[in-house]
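Mapping to this note's numbering: the sequence shown position 262 is 275, numbers consecutive. Backbone N, C-alpha and C define an ideal beta-carbon position, used for all residues, glycine too. Computed from a predicted structure; not experimentally measured.
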Amino acid sequence: MADTMTAARGAADGRRRAQRRKRRLAVVFVLPALLLLGALVVYPVLFSVGRSLFDADGDRFVGAANYAAIVQDRATLKAIRNSALWVVVAPTLLTGLGLMLAVLTEKVRWATAFKLVLFLPMAVSFLAAGIIFRLAYDQDPARGVLNAAVVGVHDGFVDTAAYPTARAREGQGLAGGPGGPYSTEEAVRPGHSVGLGFIGVAPDAMPAGAKAAAPAASRPDGIGGVVYLDFAPGGAGTPGRIDPGENGLPGMTVEAVRDGRVAATAVTAEDGSFHFAGLDDAPYTVRLPAANFAAPYQGVNWLGPALVTPAIIGAYLWVWTGFAMVLIGAGLAAIPRDALEAARMDGASEGQIFRKITVPLLAPVLTVVFVTLVINVMKVFDLVYIIAPGPVQEEANVLATRMWLVSFGGGNDQGLGSALSVVLLLLVVPAMVFNIRRFRRSGA
14 MADTMTAARG AADGRRRAQR RKRRLAVVFV LPALLLLGAL VVYPVLFSVG
64 RSLFDADGDR FVGAANYAAI VQDRATLKAI RNSALWVVVA PTLLTGLGLM
114 LAVLTEKVRW ATAFKLVLFL PMAVSFLAAG IIFRLAYDQD PARGVLNAAV
164 VGVHDGFVDT AAYPTARARE GQGLAGGPGG PYSTEEAVRP GHSVGLGFIG
214 VAPDAMPAGA KAAAPAASRP DGIGGVVYLD FAPGGAGTPG RIDPGENGLP
264 GMTVEAVRDG RVAATAVTAE DGSFHFAGLD DAPYTVRLPA ANFAAPYQGV
314 NWLGPALVTP AIIGAYLWVW TGFAMVLIGA GLAAIPRDAL EAARMDGASE
364 GQIFRKITVP LLAPVLTVVF VTLVINVMKV FDLVYIIAPG PVQEEANVLA
414 TRMWLVSFGG GNDQGLGSAL SVVLLLLVVP AMVFNIRRFR RSGA
């Protein structure tokens with residue numbers, strides 16, 4: 014009996030020693046990760062919490078004053094508003110786009126290639142993506158591809174002014190400022206003619222069909238005239254007189270105005286000449302409307318104060334749509350096909366199958382994707398900082414960029430910056446906890 018008890022105690026001691034060895038071995042393997050986690054996560058978090066309770070210099074304890082300053086600072090409140098807009102809009106659009114594309118790619122032949130193309134932006138860094146979209150959103154249509162497309166469509170439906178840079182030669186009988194309209198200083202009666210000289214039109218901006226201007230011919234039945242470029246090659250010639258080498262300005266709209274009303278309208282020919290016929294014997298003012306000199310349409314100011322945040326969200330969608338599509342596509346592939354086929358056999362339409370079977374079965378995956386994106390957009394920094402120009406940076410700021418600007422980007426107030434980082438952490442943690450619990454439930 015004693016031998017049996019001794020053997021049992023020995024076996025129990027052996028098991029305990031084996032368990033202690035396993036625990037020590039586990040600690041050896043886990044310790045480097047714990048040290049790294051402590052150095053890169055735990056310590057910075059604790060330091061930021063402590064630093065947020067001190068002033069900008071870190072010398073004077075101010076308690077919760079930095080947190081009170083967050084809700085009193087106009088720029089910080091704007092960053093909070095923009096962060097809320099990001100959280101509501103970006104994950105919703107991405108989850109919807111990902112679901113739509115995942116369903117559609119199941120029905121195309123080259124689904125793998127299509128998914129690869131959409132996923133490629135994930136391989137591009139946020140820095141590179143920001144530079145790409147900063148150029149794409151450029152206001153100048155010669156550089157910004159989006160405005161080039163917008164201007165091309167606009168000009169296809171609306172005629173643009175031929176002479177946006179033209180201006181009247183001073184002291185030659187035309188009154189008006191840059192951009193028009195221009196009118197003759199003296200009234201003109203039928204049977205007389207006028208010569209209207211302009212400058213400021215570059216040689217490469219002249220219409221291809223422009224011909225040499227000729228002196229205006231008077232006609233007894235109306236008013237004749239010529240609109241011409243009053244600048245000879247080489248700077249020769251006399252202002253106010255048509256000299257050799259000076260071309261007419263074709264396509265100009267010219268009006269004869271009497272008592273404030275337009276009595277007649279004409280368009281200049283290739284040599285710049287025009288003629289008003291059938292006028293009463295009365296004085297008229299010859300006017301060139303401002304539409305002749307309107308600046309060309311420059312497209313949409315994508316990076317202006319009103320559109321800068323939606324424009325940056327658009328760049329974010331370009332980067333992350335492939336991520337959402339691939340994750341939702343993986344969930345879609347796991348849906349039992351029997352349920353879908355049974356619904357089709359019962360006469361359900363594809364829309365009904367999508368709404369009542371596909372989406373409910375994908376709800377766990379859609380939730381995980383949505384919450385993951387919420388966590389990501391709360392921390393977005395690179396795109397906002399790179400794409401938003403300096404003058405509108407404040408209009409585009411989110412909490413992460415505001416935190417950096419307050420701490421290191423000129424604000425030099427690391428107390429307030431630390432408070433912002435703590436607030437950002439508190440906003441992100443609940444979403445992270447929710448996602449971890451969902452993963453555990455799905456694993457179970």
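- For the pair V387 and P104, the CB atoms are nearer than the 7 angstroms cut-off.
- Taken atom to atom, the span from the alpha-carbon of E354 to that of G327 is near 37 angstroms.
- Assigned with DSSP and collapsed to three states, L316 falls in coil, not helix or strand.
- Separation of the CB atoms of R232 and H288 is rounded to 6 angstroms, and the pair is thereby assigned contact status at 8 angstroms.
- Residues A432 of the same chain have their beta carbon placed closer than 6 angstroms to that of Y80, with the five preceding and five following residues left out of the count.
- Sixteen is the threshold: since fewer than 16 other Cβ atoms of the shown chains lie within 10 Å of the Cβ of R73, the residue is exposed.
- Secondary structure note for E268: its beta strand (DSSP E) is the uninterrupted segment T266 to R271.
- Looking at the DSSP output, F67 sits in a beta bridge with F74.
- Here W315 is buried: its Cβ has 16 or more other Cβ atoms, across all protein chains shown, within 10 Å.
- One thing to note: P263 has its Cβ within 7 angstroms of the Cβ of P220.
- In its chain, beyond the 5 residues on either side, L140, G143, I144 and R147 have a beta carbon closer than 7 angstroms to the beta carbon of I399.
- Buried is the label assigned to A226, since at least 16 other Cβ atoms lie within 10 Å of its Cβ.
- In the structure shown, A279 adopts extended strand secondary structure according to DSSP, grouped into three states.
- Look at the beta carbons and you see the region 151-170 not touching the region 268-283: under three pairs across the two are nearer than 8 angstroms.
- Beta-bridge partners of F289 (DSSP): I236.
- Taking a cut-off of 8 angstroms on C-beta distances, the region 333-340 touches the region 123-135, as three or more cross pairs fall below it.
- Partner residues in the beta bridge of A188, as assigned by DSSP, are S196.
- Close CB contacts of N425 within its chain, under the 7 angstroms cut and outside five residues either way in sequence, are with A69 (chain order).
- Beta-bridge partners assigned by DSSP to Y241: G210 and G261.
- In terms of CA proximity to E199, A295 leads the group A401, R415 and A295.
- The C-beta separation of V384 from A444 comes to about 5 angstroms, placing the pair in contact by the 8 angstroms criterion.
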